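Asks:
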Ligand code: WT7
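Numbering (this note's numbering), first residue to last: 1 to 653.
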């Protein structure tokens, strides 16, 4: 594999470099470049210092117990996550500070101070206890992006009931699978939520799901209000279903937090793997909170007066770690928005940034590419000058999107933190530190201090282009797959001995920066050369006519694989044969003839999951002319059928 390193370096060379400004550097939370060395010299001591910034009811006896692949962090320590996110802020100036500033899609607004949030969480904790939820019982949360989502999560944490948040876009069947796998006793949902002007009828979905579950004793229903509640859509089942507001009315606001062991279960979050059955990723208490706390503070350079906005949904890990637990543990002011970025128009996000004076903005590359496609005019209409730091997460960011983000949203003054991590890692693992790191478009740069990551080949040898590997346990690592130890070992720990395999390909450049190349099944081999699908996609998106692209390998008699590119053009551009030839040549010019796509298929939409990830697996099926696999996780399954027909038509022509 190391023999391919040269090819990689030739394929993508990014020379642009951006240093933090003197001004930013001078006030950065982490300003000492020695932090990497200090942490590496004594990793346990480093994490212990972060852990001490939290409130513990009882100190730990040992920092780490590592019995691969099982880790225990802060062994013997006792704490409560909700206490750390709320109670401990009540005795100082944060008491009346806004904890949560929420805007609904129709424009309704609610603000909760730390005092308010503590009260609501305490009350709902008592509600849950009143419904028979005890420490260790699982609770499923199926809510829109409304404050009650955060309140429900924190209430679960307060009473020691692990939550399983299920993204509101999931179908009843997916919800049922997750409820059943975790054996959840209570489901928390809402009568509805807003998305692009329409109403998502969550309670109706939950009813369908719960019909398939025999473990559910109660369904708590939040009245979303704003025109949804009172429309008579909701059927309440006597004895099982209860309204949130009815129970809250009489609930006491005094609720002692449960004393949790550092290794007690905090939550389960389901994520897809290579098989059809989602994996219930297990996160525990002390280590998880320590790392989300530390990374929120250091990576986002969090200051007391920041207005912090992470655009993720709480249904994904990004929402867990960087909307709820990390920011609130830091006493931050968190902005939360219910709806779509293009409702009622494509300026909505920027309107929100202006209105609330957002200072830190964290989003996904897929969103950035959509903004690019919609044009600079939209952000141009709003004052974004308060923004001082930008972040991205979720997939490799192509340099063109990075540059656009930097220029148009960041006004060329904001550091960009490209943060690599996963549901399984729980918290950010590879990232720039905004006051220290020179960034380059497209690389997540270096492991966070205290994290050990490298690149290995199939047999565990160090290489400059191969598989990303995490070589030491980290505090927020998953503690297993719920109810499936075998799968935990097989998926993450069977490739090398005692080393975590995240499933991503990576390369290292001359500055020792790590470039994540995407999932390893997205790396192509064309005539013996490894080519990241991402590299070809970057080259395509670099063309002025291209909005988005997805590239897959297609079996080729001589080369092993050839490249098929699925391309969405910018509005107003036509997908002619000339355009196809132009784009092929453009890729060849950017990367080398080796990366020239064999075919380009123009499409208005790419098949994406509800979280915005392109499903290359389905594109590979189309490109290979196979029966198309499972499309149930797609935001719009019809996209695939249209694309398949188009592909076959063009193939015939
Ligand atoms: C996979 C994890 C972590 C929250 C959202 C996704 C890809 C994530 C980056 C990044 C390149 C990235 C990886 C990873 N990924 N961040 N900054 N650069 N790739 O969580 O659904 O668990 O997905 O997302 O392939 O393995 P997830």
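Built from N, CA and C at the ideal position, the CB exists for glycine as well.
Everything numeric in this text was worked out from a predicted model, so none of it was measured.
Taking all protein chains shown into account, decide if residue 33 is buried (16 or more other Cβ within 10 angstroms of its Cβ) or exposed.
Replies: The count along the chain shown starts at 1 and reaches residue 33 at position 33. Residue 33 should be labelled exposed.
Asks: Any heavy atom of ligand 1 closer than 7 Å to the beta-carbon of residue 291?
Replies: Reading the chain shown from its first residue, position 291 is the one you call residue 291. Not under cutoff, so the answer is no.
Asks: Just how far apart, CA to CA, sit residue 186 and residue 138?
Replies: Along the chain shown, read from residue 1 onward, the residue named residue 186 stands at position 186. Along the chain shown, read from residue 1 onward, the residue named residue 138 stands at position 138. Approximately 7 Å between the Cα atoms of the pair.
Asks: With the cut-off set at 8 Å, would you say residue 507 and residue 14 are in Cβ contact?
Replies: Mapped onto the chain shown, residue 507 falls at position 507. Mapped onto the chain shown, residue 14 falls at position 14. Their beta carbons are not under 8 Å apart, which means residue 507 does not touch residue 14 by this criterion.
Asks: Looking only at its own chain, which residues have a Cβ that is under 8 Å from the Cβ of residue 489, when we skip the five neighbours before and after it?
Replies: Counting from 1 along the chain shown, the entry for residue 489 is found at position 489. The answer, listed in chain order, is 69.
Asks: I'd like to know whether the C-beta atoms of residue 389 and residue 354 end up nearer to each other than 8 Å.
Replies: If you number the chain shown from 1, residue 389 lands on position 389. If you number the chain shown from 1, residue 354 lands on position 354. Taking 8 Å as the Cβ cut-off, residue 389 and residue 354 do not qualify as a contacting pair.
Asks: Starting from residue 310, follow the alpha helix (DSSP H) in both directions and report where the run begins and ends.
Replies: Residue mapping note: residue 310 aligns to position 310 of the chain shown, counting from 1. It is not in any alpha helix (DSSP H) - residue 310 instead sits in the beta strand (DSSP E) that spans 307–310.
Asks: Whole angstroms are fine: how far does the CA of residue 134 sit from the CA of residue 623?
Replies: In the chain shown, residue 623 corresponds to position 623, counting from 1. In the chain shown, residue 134 corresponds to position 134, counting from 1. Roughly 51 Å separates the two Cα atoms.
Asks: Is residue 645 helix, strand or coil by DSSP?
Replies: Here residue 645 refers to the residue found at position 645 of the chain shown. Residue 645: helix per DSSP, three-state reduction.
Asks: Between the Cα of residue 247 and the Cα atoms of 538, 562, 48 and 131, which residue gives the shortest distance?
Replies: Residue 247 sits at position 247 when you count from the first residue of the chain shown. The candidate whose alpha carbon is nearest that of residue 247 is 131.
Asks: Once you ignore the five residues that flank residue 406 on each side, which residues in its own chain have a CB closer than 8 Å to its CB?
Replies: Within the chain shown, numbered from 1, the residue matching residue 406 stands at position 406. Once the five neighbours on either side are set aside, the close Cβ partners of residue 406 are 18, 390, 412, 414, 416 and 441.
Asks: Considering only heavy atoms of ligand 1, does any lie closer than 7 Å to the CB of residue 614?
Replies: By one-based count along the chain shown, residue 614 stands at place 614. No, since every heavy atom of ligand 1 falls outside the 7 Å radius drawn around the Cβ of residue 614.
Asks: Near residue 423, which residues of its chain fall below 7 Å by C-beta distance, leaving aside the five closest residues on each side in sequence?
Replies: Locating residue 423 in the chain shown gives position 423, where the first residue counts as 1. For residue 423, where only same-chain residues beyond five positions count, the Cβ hits under 7 Å are 269, 271, 281 and 317.
Asks: So is the beta-carbon of residue 393 under 7 Å away from any non-hydrogen atom of ligand 1?
Replies: Position 393 of the chain shown, counted from the start, is the residue given in the question as residue 393. Correct: residue 393 has its Cβ closer than 7 Å to ligand 1.
Asks: Return yes when at least one heavy atom of ligand 1 lies under 7 Å from the C-beta of residue 504, else no.
Replies: Sequence index remark: in the chain shown, residue 504 carries index 504 (1-based). Yes, the Cβ of residue 504 comes within 7 Å of a heavy atom of ligand 1.
Asks: Could you tell me the distance, in whole angstroms, from the CA atom of residue 367 to the CA atom of residue 340?
Replies: Here residue 367 refers to the residue found at position 367 of the chain shown. Here residue 340 refers to the residue found at position 340 of the chain shown. Each residue's alpha carbon lies about 11 Å from the other.
Asks: Would you list, in sequence order, the uninterrupted alpha helix (DSSP H) runs of no fewer than 4 residues that lie entirely inside the segment 167–248?
Replies: If we require 4 residues or more, the alpha helix (DSSP H) runs fully inside the segment 167–248 come out as 172–182 and 202–210.
Asks: Within the same chain, show all residues whose beta-carbon is closer than 6 Å to that of residue 456, passing over the 5 residues directly before and after it, in chain order.
Replies: The count along the chain shown starts at 1 and reaches residue 456 at position 456. Correct list, in chain order: 466, 467 and 469.
Asks: Give me the Cα-Cα distance between residue 402 and residue 393, rounded to the nearest whole angstrom.
Replies: The residue you call residue 402 lines up with position 402 of the chain shown. The residue you call residue 393 lines up with position 393 of the chain shown. Each residue's alpha carbon lies about 12 Å from the other.
Asks: Leaving out five residues before and five after residue 295 in sequence, what residues of the same chain have Cβ atoms less than 7 Å from its Cβ?
Replies: Numbered from 1 along the chain shown, position 295 holds the residue referred to as residue 295. So the qualifying residues of the chain are 326, 427, 428 and 448.
Asks: Rounded to whole angstroms, what is the Cα-Cα separation between residue 492 and residue 486?
Replies: Position 492 of the chain shown, counted from the start, is the residue given in the question as residue 492. Position 486 of the chain shown, counted from the start, is the residue given in the question as residue 486. Computed Cα separation, rounded: 10 Å.
Asks: What residue range is occupied by the uninterrupted beta strand (DSSP E) comprising residue 599?
Replies: Taking the chain shown and counting its residues from 1, one reaches residue 599 at position 599. 599–602 is the extent of the beta strand (DSSP E) around residue 599.
Asks: For residue 336, which residues does DSSP report across the bridge?
Replies: The residue labelled residue 336 in the question sits at position 336 within the chain shown. In DSSP, residue 336 forms a bridge with 102.
Asks: Quick one: does the C-beta of residue 518 sit closer than 7 Å to a heavy atom of ligand 1?
Replies: Here residue 518 refers to the residue found at position 518 of the chain shown. Yes, the beta carbon of residue 518 sits closer than 7 Å to at least one heavy atom of ligand 1.
Asks: Just list the residues that DSSP pairs residue 54 with in beta bridges.
Replies: Taking the first residue of the chain shown as 1, we reach residue 54 at position 54. In DSSP, residue 54 forms no bridge with anything.
Asks: Which class does residue 543 belong to by DSSP, given the choice of helix, strand or coil?
Replies: Residue mapping note: residue 543 aligns to position 543 of the chain shown, counting from 1. Coil at residue 543, not helix or strand.
Asks: State the beta-bridge partners of residue 360 as determined by DSSP.
Replies: In the chain shown, the residue the question calls residue 360 occupies position 360. Residue 360 pairs with 308 and 389.
Asks: Which parts of the segment 558–627 are runs of the beta strand (DSSP E), unbroken and 3 residues or longer, counting only runs that do not cross its ends?
Replies: Correct list: 560–569 and 599–602.
Asks: Relative to ligand 1, is the shortest distance from any of its heavy atoms to the C-beta of residue 474 smaller than 7 Å?
Replies: Translated into positions along the chain shown, residue 474 becomes position 474. No.
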